[in-house]
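S.K.: Note that the protein sequences, when read in sequence, are chains Z and L. Just so we're aligned: 250 in my numbering is position 250 of the first sequence, and the numbers increase by one with no gaps anywhere. Just so we're aligned: 395 in my numbering is position 115 of the second sequence, and the numbers increase by one with no gaps anywhere. There's a structure below that I have some questions on.
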Amino acid sequence: MSERTSKKVFSWTAVNTVIVIAALFPVLWILSLSLKSADTVTDGRLIPAKFSLDNYEGIFTGSGGDVFTKALFNSLGIAIIATLIAVTLAAMAAYAIARLNFPGKTVILTAALAIAMFPPISVVGPLYNLWRQLGLFDTWQGLIIPYMTFTLPLAIYTLSAFFREIPWELEQAAQVDGATPFQAFRKIIVPLAAPGVFTTAILVFIFAWNDFVFAISLTSTERAQTVPAAISSFTGASQFSAPTGSIAAAAVIVTIPIIIMVLIFQRRIVAGLTAGAVKG
Amino acid sequence: MASIQLNHVTKRYADGFEAVKGIDLEVADGEFVILVGPSGCGKSTALRMIAGLEDISDGELRIGDEVVNDKAPKDRDIAMVFQNYALYPHMTVRENMGFALKLAKVDKAEIDRKVEEAAKILDLTGHLDRKPANLSGGQRQRVAMGRAIVRDPAVFLMDEPLSNLDAKLRVQTRTEVSRIQQRLGTTMIYVTHDQTEAMTLGDRVAVMRAGTIQQVASPKELYDHPVNLFVAGFIGSPAMNFFPARLSGGRVHLPFGDVPLPASLRGAPDGQVIAGVRPESFEDAELAPEHHKGESFEFDAEVELVESMGSELYAYFGYEGETASSDQLEEIAADAGLADVPGAGETGRVVARLSPESKAASGQATRLWLDVERIHLFDPHDGSRLSAAKKSGSVGADQVATPASGTNGAADAG
Ligand SMILES: Nc1ncnc2c1ncn2[C@@H]1O[C@H](COP(=O)(O)OP(=O)(O)OP(=O)(O)O)[C@@H](O)[C@H]1O
Ligand SMILES: [Mg+2]
Numbered sequence: 001m002s003e004r005t006s007k008k009v010f011s012w013t014a015v016n017t018v019i020v021i022a023a024l025f026p027v028l029w030i031l032s033l034s035l036k037s038a039d040t041v042t043d044g045r046l047i048p049a050k051f052s053l054d055n056y057e058g059i060f061t062g063s064g065g066d067v068f069t070k071a072l073f074n075s076l077g078i079a080i081i082a083t084l085i086a087v088t089l090a091a092m093a094a095y096a097i098a099r100l101n102f103p104g105k106t107v108i109l110t111a112a113l114a115i116a117m118f119p120p121i122s123v124v125g126p127l128y129n130l131w132r133q134l135g136l137f138d139t140w141q142g143l144i145i146p147y148m149t150f151t152l153p154l155a156i157y158t159l160s161a162f163f164r165e166i167p168w169e170l171e172q173a174a175q176v177d178g179a180t181p182f183q184a185f186r187k188i189i190v191p192l193a194a195p196g197v198f199t200t201a202i203l204v205f206i207f208a209w210n211d212f213v214f215a216i217s218l219t220s221t222e223r224a225q226t227v228p229a230a231i232s233s234f235t236g237a238s239q240f241s242a243p244t245g246s247i248a249a250a251a252v253i254v255t256i257p258i259i260i261m262v263l264i265f266q267r268r269i270v271a272g273l274t275a276g277a278v279k280g
Numbered sequence: 281m282a283s284i285q286l287n288h289v290t291k292r293y294a295d296g297f298e299a300v301k302g303i304d305l306e307v308a309d310g311e312f313v314i315l316v317g318p319s320g321c322g323k324s325t326a327l328r329m330i331a332g333l334e335d336i337s338d339g340e341l342r343i344g345d346e347v348v349n350d351k352a353p354k355d356r357d358i359a360m361v362f363q364n365y366a367l368y369p370h371m372t373v374r375e376n377m378g379f380a381l382k383l384a385k386v387d388k389a390e391i392d393r394k395v396e397e398a399a400k401i402l403d404l405t406g407h408l409d410r411k412p413a414n415l416s417g418g419q420r421q422r423v424a425m426g427r428a429i430v431r432d433p434a435v436f437l438m439d440e441p442l443s444n445l446d447a448k449l450r451v452q453t454r455t456e457v458s459r460i461q462q463r464l465g466t467t468m469i470y471v472t473h474d475q476t477e478a479m480t481l482g483d484r485v486a487v488m489r490a491g492t493i494q495q496v497a498s499p500k501e502l503y504d505h506p507v508n509l510f511v512a513g514f515i516g517s518p519a520m521n522f523f524p525a526r527l528s529g530g531r532v533h534l535p536f537g538d539v540p541l542p543a544s545l546r547g548a549p550d551g552q553v554i555a556g557v558r559p560e561s562f563e564d565a566e567l568a569p570e571h572h573k574g575e576s577f578e579f580d581a582e583v584e585l586v587e588s589m590g591s592e593l594y595a596y597f598g599y600e601g602e603t604a605s606s607d608q609l610e611e612i613a614a615d616a617g618l619a620d621v622p623g624a625g626e627t628g629r630v631v632a633r634l635s636p637e638s639k640a641a642s643g644q645a646t647r648l649w650l651d652v653e654r655i656h657l658f659d660p661h662d663g664s665r666l667s668a669a670k671k672s673g674s675v676g677a678d679q680v681a682t683p684a685s686g687t688n689g690a691a692d693a694g
C-alpha cells in the first residue's frame with residue numbers, strides 16, 4: 001500500500017513540476033530578456049551573460065520620452081475606476097439577486113451571461129465608429145465603459161454566488177441584539193461579503209489591466225493609451241532593430257501592480273469565512 | 281419585564297401558506313411558557329413573529345401594554361436563541377456573546393464580566409477566543425444561548441436551544457436555564473420538541489398543531505386532562521396507548537376485556553369511542569397498589585418484549601382486533617416516526633410501564649392490572665375528550681354527572 005502511495009506522490013510531483021515549469025518558463029524568459037543588453041538579446045541564453053538595467057532606464061527616460069509613464073498612469077486610472085464602478089454596481093445587483101425574489105430575476109442573469117459570451121472583437125468595430133461620433137474616442141471613459149460592460153456579468157455572477165452563501169439570519173440575529181439595520185449591515189454583512197468583493201475586484205482589475213483589443217482600437221494617443229497598447233507602439237533604437245528588450249522590461253513592470261494587488265487582497269480572501277454560523 | 285399577548289395572530293407566508301392560524305396566547309409578566317408541537321406546526325414562526333423577524337399578517341401582538349406589530353426587533357427589548365444558532369462567524373465566542381452589550385454601549389469591563397459569567401455557566405470558558413467554525417455543534421449551541429443570557433431583556437425567546445446537547449449537558453443546561461429565568465424573573469417563551477423539557481421547565485405549556493394552539497395548561501393539567509387525542513398522544517413518553525372501544529351500559533369494552541366506566545365519565549352516552557391509557561396506568565397484577573385493587577381490572581397479556589430501564593420496565597404486548605385510527609393520531613405518528621406512539625402506529629401494540637420488581641419476561645403471559653379510573657375516552661370523530669363531569673365544572677373522580685350532561689366535546693376546555 002505505502003509503495004503505491006509513494007509512487008502516487010512521485011508521479012503527482014513530477015506532473016506538477018512539469019506544469020509549473022511550463023507556466024513559469026515564459027515569464028522567466030521575459031525577465032531574462034529584459035535584463036539583457038541590446039547586443040545580447042538574441043543570444044538565446046536563459047541566464048544573461050551580463051546583467052543590465054538599460055531596458056528599464058530606456059522605457060522611462062529613453063527616446064520615447066514619457067510614453068510609458070503616461071501609459072502606466074492611464075492604465076492604473078482606467079483599471080481602478082472601472083473596477084470601482086463595476087464592483088459597486090455588481091454588488092448592488094448581486095445583493096438584489098441573492099436576497100429578493102422579483103420577476104425577471106432569471107432574465108437578468110441570463111442576459112448578463114449572454115453579454116459575457118460576446119467576443120470583445122465583435123463589438124470593437126461598431127464601438128470605434130460610435131465612439132468617434134460621441135467624442136469618446138481616445139478618452140478614459142471610452143475604455144472604462146466597455147471594460148465595465150464586459151466585466152459586470154462576471155462580477156454579478158461571482159458576487160451573487162458569494163452573497164448566497166451568507167446566512168441572512170445573521171442580520172436578524174444582529175437586529176435582535178439591538179442593531180439598527182445599518183449597523184447589522186456594516187458589522188455583520190460587510191465583513192462576510194468582503195472576501196467575495198475582493199475576489200471580484202481582482203478579476204475585474206485584471207481584465208481591465210490586461211485588455212489589449214479595446215485599448216489598441218479605441219485609443220490613439222498618450223491621452224488614454226494604456227500599457228498594452230503603448231507597448232505595441234514601442235520602436236527600436238533604429239528602424240531595423242526590434243524593441244525586444246524594452247517590450248520585455250515593460251511587460252515585467254506591468255505585472256508588478258497585479259502581483260501587489262493579489263498579495264494585498266489575498267489575505268482578505270479567507271475561504272470558508274461563514275463556516276460555523278448556522279446549523280448545517 | 282413584560283407580559284406578552286397574542287390576539288388572533290396569523291402568519292400567511294408569501295406563497296399563501298398559513299403557518300400560524302389565529303392563535304391566542306397570554307403570557308404573564310415573568311412567566312415561563314413552553315411551545316411544543318410536531319415539526320412544522322409553526323412554533324418557530326410564532327416565536328419569530330414575537331421577535332419581530334416575521335411580519336404579522338393578521339391579529340395583534342402586545343408586549344407590555346403596547347401593540348408592537350410594527351416595531352423593529354431592536355425596539356422590542358428581546359433576546360432570542362435561534363434554532364440554527366445564527367452565530368457571527370467572523371467573531372470569537374467572546375465577541376459573539378458581547379455583541380449586544382457592545383451595541384448597547386455597556387463599558388468594556390462590564391461586558392467582559394458578564395461574558396465570563398455566562399461562559400462559566402455554559403461551560404465555555406476555555407473556548408472564549410475561538411471562532412464558531414472551530415467549535416462542536418453543542419458548543420455552538422451554547423454560544424447561541426450565551427448570547428441571549430448575557431443580556432437582561434424584557435423577554436427571552438428560545439427556539440429549541442438545547443436540541444444539540446448530549447443528555448448530561450442538556451440536563452445541566454436545562455437546570456441553568458430555569459435558574460436564570462427564576463433569578464431574573466424574565467418572561468420566557470421556549471420552543472422545544474423534548475417532552476421532558478416541556479414538562480419540567482415551564483409554568484405552562486402550549487401544545488401546537490398545524491398552526492393552531494390545542495391547549496394551554498400547566499404540565500400536570502395537560503398530562504392528566506388532555507383536551508383531545510392530539511394532546512394526549514403528544515404529551516407523555518412513552519406515549520399514551522390508544523384502543524378502539526365501545527361504551528354501553530356503563531361499561532367500556534376494550535380489546536382485552538370489559539371494564540367499568542371510570543367514575544368521572546359516568547353518564548357518557550353509549551357508542552364507539554377511542555380509549556387512551558397511559559403506560560403507567562398498567563401494573564403487574566401482583567404488585568398493584570392494594571387500596572385500588574377492588575374496583576380495578578386484571579387481564580392476561582402475552583408480553584412480547586420487556587425492556588428494562590433500571591428504574592422501570594416497559595412491557596410490550598399485543599391484542600386482537602383493530603387499532604384505533606384518527607387523523608390526529610396519524611399526525612403525531614408521522615412526526616415521531618412511529619416509534620414513540622405504539623398504540624397509534626403499529627398494529628395492536630400496547631406498552632405498559634411496570635415497576636422494576638415485576639417478574640414479567642419476554643414471551644411470557646403476565647397478569648396485568650389496569651387502573652380503571654385513569655382511562656381517558658375520546659370522541660373518535662373529532663378527537664375531543666369525553667368528560668361527563670365537564671358540565672359540573674370539575675373532573676373530580678367522585679362527582680357523578682347526570683346522564684343528560686354526558687355530552688362529549690371538550691375541545692374548549694382549559
Ligand atoms: N418562508 C416560508 N414560506 C412558506 N412557508 C414557510 C416559510 N417558512 C416556513 N414555512 C412553513 O411554515 C410551517 C411552520 O414552520 P416553522 O418553522 O414555524 O415550524 P416549526 O414548528 O418551528 O418546526 P420545527 O420543529 O421543525 O422547527 C412549515 O410547514 C413550513 O414549511
Ligand atoms: Mg422551528
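C-beta atoms are modelled at their ideal positions from N, C-alpha and C, and glycine is treated no differently. Every value quoted in this text rests on a predicted model; they were computed, and no experiment measured them.
What does the alpha-carbon distance come out to for the pair Y594/L and E602/L?
M.R.: Sequence index remark: in the second sequence, residue 594/L carries index 314 (1-based). Sequence index remark: in the second sequence, residue 602/L carries index 322 (1-based). Between Y594/L and E602/L, the alpha-carbon positions lie close to 22 Å from each other.
S.K.: How many angstroms separate the CA atom of T682/L from the CA atom of A434/L?
M.R.: Within the second sequence, the letter at position 402 stands for residue 682/L. Within the second sequence, the letter at position 154 stands for residue 434/L. Only weak support is given to the placement of T682/L: the predicted model assigns it a pLDDT of 34, under 50, and the value that follows is read from those uncertain coordinates. Going by the C-alpha atoms only, they are around 49 Å apart.
S.K.: Which residues neighbour ligand 2 when neighbourhood means a C-beta less than 7 Å away from any of its non-hydrogen atoms? List them by chain order.
M.R.: K323/L, S324/L, Q363/L, D439/L, E440/L and V471/L
S.K.: Note the first and the last residue of the continuous alpha helix (DSSP H) segment covering F182/Z.
M.R.: By one-based count along the first sequence, residue 182/Z stands at place 182. Per DSSP, F182/Z belongs to the alpha helix (DSSP H) from P181 to A184.
S.K.: Any heavy atom of ligand 1 within a distance shorter than 7 Å of the CB on Y293/L?
M.R.: The residue labelled residue 293/L in the question sits at position 13 within the second sequence. Yes - ligand 1 has a heavy atom lying nearer than 7 Å to the Cβ of Y293/L.
S.K.: Would you call P243/Z buried or exposed, if buried means 16 or more other Cβ atoms sit within 10 Å of its Cβ?
M.R.: The residue labelled residue 243/Z in the question sits at position 243 within the first sequence. Result: buried.
S.K.: Between the Cα of E653/L and those of A614/L, R531/L, S638/L and R629/L, spot the shortest distance and give me the residue it belongs to.
M.R.: Walking along the second sequence from the start, residue 653/L turns up at place 373. For E653/L, the nearest C-alpha among the options comes from R531/L.
S.K.: Give the secondary structure of G378/L by DSSP, where H, G and I count as helix, E and B as strand, and everything else as coil.
M.R.: The residue labelled residue 378/L in the question sits at position 98 within the second sequence. In the structure shown, G378/L sits in a helix (DSSP, three-state: H, G or I).
S.K.: How should M589/L be labelled, buried or exposed, when 16 other C-beta atoms within 10 angstroms of its C-beta is the threshold for buried?
M.R.: Within the second sequence, the letter at position 309 stands for residue 589/L. Exposed, since its Cβ has fewer than 16 Cβ neighbours within 10 Å.
S.K.: Which residue's Cα is closest to the Cα of M92/Z: I80/Z, M261/Z and T158/Z?
M.R.: Position 92 of the first sequence, counting from 1, holds the residue named residue 92/Z. If we check each option's Cα against that of M92/Z, T158/Z comes out closest.
S.K.: According to DSSP, what are the bridge partners of S664/L?
M.R.: The sequence position of residue 664/L within the second sequence is 384, counting from 1. S664/L pairs with N508/L.
S.K.: Could you give the residue range of the beta strand (DSSP E) that holds D43/Z?
M.R.: Counting from 1 along the first sequence, the entry for residue 43/Z is found at position 43. From DSSP, D43/Z is part of no beta strand (DSSP E); its letter is neither H nor E.
S.K.: Below 8 Å on C-beta distance, what does A366/L contact in chain Z?
M.R.: Taking the second sequence and counting its residues from 1, the one referred to as residue 366/L is at position 86. Neighbours of A366/L on chain Z, chain order: P167, E169, L170, Q172, A173, A277 and V278.
S.K.: Between I358/L and chain Z, is there a C-beta pair that is closer than 8 Å?
M.R.: Here residue 358/L corresponds to residue number 78 of the second sequence, with the count starting at 1. With 8 Å as the cut-off, I358/L counts as an interface residue toward chain Z.
S.K.: Quick check: is the beta carbon of T106/Z nearer than 8 Å to any beta carbon in chain L?
M.R.: By one-based count along the first sequence, residue 106/Z stands at place 106. No, because no Cβ of chain L sits closer than 8 Å to the Cβ of T106/Z.
S.K.: Would you identify the three-state DSSP class for V56/Z, choosing helix, strand or coil?
M.R.: Here residue 56/Z corresponds to residue number 56 of the first sequence, with the count starting at 1. Note that residue 56/Z is Tyr in the sequence shown here, rather than Val. The answer is helix: DSSP assigns Y56/Z an H, G or I state.
S.K.: In chain L, which residues lie with their C-beta within 7 Å of the C-beta of A179/Z?
M.R.: Position 179 of the first sequence, counted from the start, is the residue given in the question as residue 179/Z. Residues of chain L passing the Cβ test: K354 and L383.
S.K.: Using beta carbons (cut-off 8 Å, strictly below), is P191/Z in contact with chain L?
M.R.: Mapped onto the first sequence, residue 191/Z falls at position 191. Answer yes: the Cβ-Cβ gap between P191/Z and chain L drops below 8 Å somewhere.
S.K.: Kindly indicate the opening and closing residues of the alpha helix (DSSP H) around D392/L.
M.R.: Stepping through the second sequence from its first residue, residue 392/L is reached at position 112. Its alpha helix (DSSP H) spans residues K388 to I401.
S.K.: Going by beta carbon distance, what residues of the same chain come within less than 6 Å of F510/L, once the five residues before and after it are set aside?
M.R.: Walking along the second sequence from the start, residue 510/L turns up at place 230. Only R489, Q494 and Q608 meet the Cβ criterion.
S.K.: A640/L: which of E563/L, P660/L and V539/L sits nearest, CA to CA?
M.R.: Taking the first residue of the second sequence as 1, we reach residue 640/L at position 360. Across the set E563/L, P660/L and V539/L, the C-alpha of E563/L shows the shortest separation from the C-alpha of A640/L.
S.K.: For T646/L, count neighbouring C-beta atoms within 10 Å of its own C-beta (all shown protein chains included) and say buried if the count is 16 or more, exposed if not.
M.R.: The residue you call residue 646/L lines up with position 366 of the second sequence. Under this definition T646/L is a buried residue.
S.K.: Starting from R454/L, follow the alpha helix (DSSP H) in both directions and report where the run begins and ends.
M.R.: Position 174 of the second sequence, counted from the first residue, corresponds to residue 454/L. Where R454/L is concerned, the enclosing alpha helix (DSSP H) stretches over A447 to L464.
S.K.: Is any heavy atom of ligand 1 found at a distance shorter than 7 Å from the C-beta of F224/L?
M.R.: For residue 224/L there is no data in the structure shown, the boundaries of chain L being 281 and 694.
S.K.: What are the residues in the region 322 to 337 of chain L lying within 7 Å of chain Z by C-beta distance?
M.R.: A331 and L333
S.K.: Are the region 225 to 234 of chain Z and the region 301 to 321 of chain L in contact at 8 Å, needing three or more beta carbon pairs?
M.R.: no
S.K.: Let's see if you can read the secondary structure: which residues bound the alpha helix (DSSP H) around Q266/Z?
M.R.: The residue you call residue 266/Z lines up with position 266 of the first sequence. Run containing Q266/Z: T244 to Q266, per the alpha helix (DSSP H) assignment.
S.K.: For R99/Z, which beta-bridge partners are listed by DSSP?
M.R.: Position 99 of the first sequence, counted from the start, is the residue given in the question as residue 99/Z. Per DSSP, none; premise fails for R99/Z.
S.K.: Beta strand (DSSP E) containing W649/L: first to last residue?
M.R.: The residue you call residue 649/L lines up with position 369 of the second sequence. W649/L -> beta strand (DSSP E) spans A645 to L650.
S.K.: Is G317/L near ligand 1, with its Cβ less than 7 Å from a heavy atom?
M.R.: Locating residue 317/L in the second sequence gives position 37, counting from the first residue. Yes, ligand 1 has a heavy atom inside 7 Å of this Cβ.
S.K.: Any C-beta of chain Z within less than 7 Å: which residues of the region 366 to 380 of chain L qualify?
M.R.: A366, L367, Y368, P369, H370, F379 and A380
S.K.: For E626/L and chain Z, any beta-carbon pair shorter than 8 Å?
M.R.: Counting from one through the second sequence, the residue named residue 626/L turns up at place 346. Since pLDDT at E626/L reaches only 48, below the 50 mark, its modelled position is unreliable, and no value is offered.
S.K.: Grouping DSSP H, G and I as helix and E and B as strand, with all else coil, what is D345/L?
M.R.: Numbered from its first residue, the second sequence carries residue 345/L at position 65. If DSSP states are grouped into helix, strand and coil, D345/L belongs with coil.
S.K.: Which stretch, first to last residue, makes up the beta strand (DSSP E) that contains Y594/L?
M.R.: On the second sequence, residue 594/L is found 314 positions in, with the first residue counted as 1. Its beta strand (DSSP E) spans residues L593 to G598.
S.K.: CB-CB under 6 Å to P318/L, same chain, minus the five flanking residues each way: which ones, in chain order?
M.R.: Your numbering for residue 318/L matches position 38 in the second sequence. Cβ within range, chain order: D615.
S.K.: Please decide whether A282/L counts as near chain Z, where near means a Cβ-Cβ distance under 8 Å.
M.R.: Here the question's residue 282/L lines up with position 2 in the second sequence. Closer than 8 Å: no.
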